[in-house]
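Participant:
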Amino acid sequence: MNSPAGRPLRVVIVGAGLGGLGAAISLRQRGFEVEVHERAPNLGEVGAGLQLGPNAVKVLDAMGLAEPLRKNTFEPGNRLTLNWNDASLRNRAATRGADVHNYGAPYLTAHRADLHRVLQEALPENAVRLGRICTGAETRNGVAVATFADGSQVEADIVVGADGVRSAVRARLFGADKPRFTNSMCWRCIVPIDLVPAKVGPGGSISVEKTDHLSWYGPNGQVICYPVHGDGSMFNIFAGHATEGWVDESWTLPSSRAELLDAYAGWNEALLGMLARADDCFKWGIFDRDPIEQWTEGRVTLLGDAAHPTMPNLAQGANMAIEDGYTLARNLVKHAGDIDAALAGYVRERQPRTKMITLKSRENFQLSMQWPPAPPIDRSWIFSFDATKEPA
Ligand SMILES: Cc1cc2nc3c(=O)[nH]c(=O)nc-3n(C[C@H](O)[C@H](O)[C@H](O)COP(=O)(O)OP(=O)(O)OC[C@H]3O[C@@H](n4cnc5c(N)ncnc54)[C@H](O)[C@@H]3O)c2cc1C
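Numbering (the working numbering), first residue to last: 1 to 392.
1. Starting from A242, trace the beta strand (DSSP E) both ways and give me its first and last residue.
2. For P227, count neighbouring Cβ atoms within 10 angstroms of its own Cβ and tell me buried if that reaches 16, exposed if not.
3. For E209, which of helix, strand or coil comes out of DSSP?
4. Are Q316 and S361 close, meaning C-beta to C-beta below 8 angstroms?
5. Can T358 and P312 be called in contact, C-beta distance under 8 angstroms?
6. Any heavy atom of ligand 1 closer than 7 angstroms to the beta-carbon of V165?
7. Using CA atoms only, rank isn't needed, just tell me which of L214, A168, N78 and A113 is closest to T135.
8. From this set, Q222, S184 and G204, which residue's C-alpha is nearest E244's C-alpha?
9. Cβ atoms of Q153 and S368: under 8 angstroms apart, would you say?
10. Could you please give me the residues that DSSP links to L50 through a beta bridge?
11. Of all the options K389, R112, H37 and E390, which has the alpha carbon lying nearest to the alpha carbon of I190?
12. I need the straight-line Cα distance from C281 to L303, nearest angstrom please.
13. For G273, which option in I237, L50 and A307 has the closest C-alpha, if you only look at C-alpha atoms?
14. Could you name the residues that DSSP lists as bridge partners for F148?
15. Between I322 and L18, which are expected to be in contact by the criterion C-beta below 8 angstroms, what is the C-beta distance as a whole number of angstroms?
16. Roughly how many angstroms lie between the CA atoms of S88 and G131, to the nearest whole one?
17. For K334 and G345, which I take to be in contact (beta-carbon distance under 8 angstroms), what is that distance rounded to the nearest angstrom?
18. Under DSSP, the beta strand (DSSP E) around E363 begins and ends at which residues?
19. Tell me, please, whether the stretch 15-31 touches the stretch 160-179 by the rule of three or more beta-carbon pairs shorter than 8 angstroms.
20. Please report the distance separating the alpha-carbon of V36 from that of N319.
21. According to DSSP, simplified to helix, strand and coil, what is D280?
22. Measuring CA to CA, which of T95, L82, Q120 and P76 is closest to T109?
23. Mark W295 as exposed unless 16 or more other C-beta atoms lie within 10 angstroms of its C-beta, in which case mark it buried.
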């Protein structure tokens with residue numbers, strides 16, 4: 001798609017997270033000129049594990065990333081749900097192969113850094129400008145303009161704010177309100193896969209494979225564990241907990257093994273055995289925002305957490321960000337020459353789905369904190385979706 005001036009459409013993306021990089025790839029593949037501005041001085045994703053539902057895998061595959069994605073991520077064999085105290089089995093379901101059959105793509109688990117690298121490697125080296133702290137973006141006489149802390153400005157046909165939950169672009173467009181602390185927090189750590197117990201449950205009655213995805217449910221908490229890296233050599237632990245106290249939102253807020261063990265005192269010893277061997281342990285306050293109807297103002301729009309920060313209780317934040325980028329690119333092609341129609345089409349497609357997932361993630365959190373927990377929300381409507389296809 002060309003700009004009204006006849007040259008290739010120029011898109012500036014603010015933020016080189018999973019959402020920003022995903023969008024950059026989808027846009028470049030359609031011939032748009034793309035520049036990504038990232039505030040960090042170095043490119044790299046910190047944090048720990050990430051679950052990719054079949055819905056996001058379909059998009060990444062359509063972006064031509066199937067091979068590096070499979071090489072750098074893991075497909076768990078079974079999904080086991082266990083009770084917090086005696087590790088008795090609540091549910092066991094086969095996932096490997098089953099999700100491809102049911103939804104058209106596998107359920108994959110990844111280390112964030114691996115996925116981020118796969119995306120980076122699909123872009124030219126100079127695609128991302130580092131150390132660029134955006135202070136906002138606006139539309140002047142039909143031109144999108146992003147402003148940076150060093151006083152510089154960059155013009156484009158479209159500016160996309162993919163700058164996360166505390167988005168400066170969003171603040172400029174829609175006001176600087178604060179994200180909502182959800183009274184929940186999590187610890188995250190990674191342990192070697194060899195620490196996964198072979199047997200759990202009363203009398204060791206339940207066999208566990210090192211390829212399995214394990215969820216432990218208890219009062220006020222939930223621990224989700226899965227293998228990461230292409231060879232499944234490490235086991236990611238996400239330990240979520242309800243809390244009244246405030247916890248900051250940062251991948252690098254250090255915690256300690258002692259603090260983590262204290263929070264899960266009385267839980268099953270097989271789980272505690274793994275937690276006791278966790279080396280680096282970080283904690284993270286969980287924030288979201290109420291869904292908003294409009295993401296676009298003039299030629300500036302939002303994507304990913306900047307548009308719809310969501311609790312991780314359906315593991316869909318990054319999945320949605322990846323879908324967003326593809327949908328934006330698809331709409332820019334579909335509405336060739338009409339940028340306003342393309343941006344409107346993008347939000348029309350994405351807003352209802354992301355709103356539903358944000359609200360259902362809150363609901364799933366509430367359900368998981370009940371004891372005994374209510375059955376989790378059905379996710380088939382999330383997984384069966386295919387953002388690469390035009391809506392019917
Ligand atoms: C504990 C936890 C577990 C999760 N697990 C899952 C999961 O399993 N599956 C899933 O799909 N999602 C999960 N999520 C959600 C997921 O992490 C986010 O939804 C996703 O990372 C959002 O991507 P993004 O690119 O929109 O934003 P971000 O990843 O926040 O990236 C934003 C980028 O913008 C940059 N930036 C910020 N401000 C500026 C600025 N002013 N100027 C320039 N650059 C800027 C940042 O440095 C960053 O690189 C989880 C979240 C948490 C907290």
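Glycine included, every Cβ here is placed at the ideal spot set by N, Cα and C. All of these numbers come straight from a predicted model, not from anything done at the bench.
Facilitator: The answer reads as follows:
1. Position 242 of the sequence shown holds residue 242. Where A242 is concerned, the enclosing beta strand (DSSP E) stretches over M234 to A242.
2. Residue mapping note: residue 227 aligns to position 227 of the sequence shown, counting from 1. Under this definition P227 is a buried residue.
3. Taking the sequence shown and counting its residues from 1, the one referred to as residue 209 is at position 209. It is coil, neither helix nor strand.
4. Indexing the sequence shown from 1 puts residue 316 at position 316. Indexing the sequence shown from 1 puts residue 361 at position 361. Contact flag set, yes.
5. Locating residue 358 in the sequence shown gives position 358, where the first residue counts as 1. Locating residue 312 in the sequence shown gives position 312, where the first residue counts as 1. Going by C-beta atoms, T358 is not nearer than 8 angstroms to P312.
6. As a first step, residue 165 must be located in the sequence shown, where it is residue number 165. V165: yes, Cβ under 7 angstroms from ligand 1.
7. For the purposes of this step, residue 135 is taken as residue 135 along the sequence shown, with counting starting at 1. Ranking the options by Cα distance to T135, first place goes to A168.
8. Sequence index remark: in the sequence shown, residue 244 carries index 244 (1-based). The shortest C-alpha separation from E244 is found at S184.
9. Within the sequence shown, the letter at position 368 stands for residue 368. Within the sequence shown, the letter at position 153 stands for residue 153. No, these two residues do not count as a Cβ contact at 8 angstroms.
10. Sequence index remark: in the sequence shown, residue 50 carries index 50 (1-based). Paired residues: A110.
11. Here residue 190 corresponds to residue number 190 of the sequence shown, with the count starting at 1. Closest option to I190, Cα to Cα, is R112.
12. In the sequence shown, residue 281 corresponds to position 281, counting from 1. In the sequence shown, residue 303 corresponds to position 303, counting from 1. Going by the C-alpha atoms only, they are around 30 angstroms apart.
13. Stepping through the sequence shown from its first residue, residue 273 is reached at position 273. For G273, the nearest C-alpha among the options comes from I237.
14. If you number the sequence shown from 1, residue 148 lands on position 148. BP columns for F148 point to C134.
15. Numbered from 1 along the sequence shown, position 322 holds the residue referred to as residue 322. Numbered from 1 along the sequence shown, position 18 holds the residue referred to as residue 18. With 8 angstroms as the limit, I322 and L18 qualify as a contact, their Cβ atoms being about 7 angstroms apart.
16. Counting from 1 along the sequence shown, the entry for residue 88 is found at position 88. Counting from 1 along the sequence shown, the entry for residue 131 is found at position 131. When rounded, the distance between both Cα atoms is 50 angstroms.
17. Counted from its first residue, the sequence shown places residue 334 at position 334. Counted from its first residue, the sequence shown places residue 345 at position 345. So it is a contact: roughly 7 angstroms between Cβ atoms.
18. Start at 1 with the first residue of the sequence shown, and residue 363 comes out as number 363. Taken as a continuous stretch (DSSP letters only), E363 belongs to no beta strand (DSSP E), being part of the alpha helix (DSSP H) at I339 to M369.
19. yes
20. One-based indexing of the sequence shown puts residue 36 at position 36. One-based indexing of the sequence shown puts residue 319 at position 319. Roughly 20 angstroms between the two C-alpha positions.
21. As a working mapping, residue 280 is identified with position 280 in the sequence shown. Coil, per DSSP.
22. Here residue 109 refers to the residue found at position 109 when the sequence shown is read from its first residue. The candidate whose alpha carbon is nearest that of T109 is P76.
23. Residue numbering aside, residue 295 sits at position 295 when the sequence shown is read from its first letter. So W295 counts as buried.
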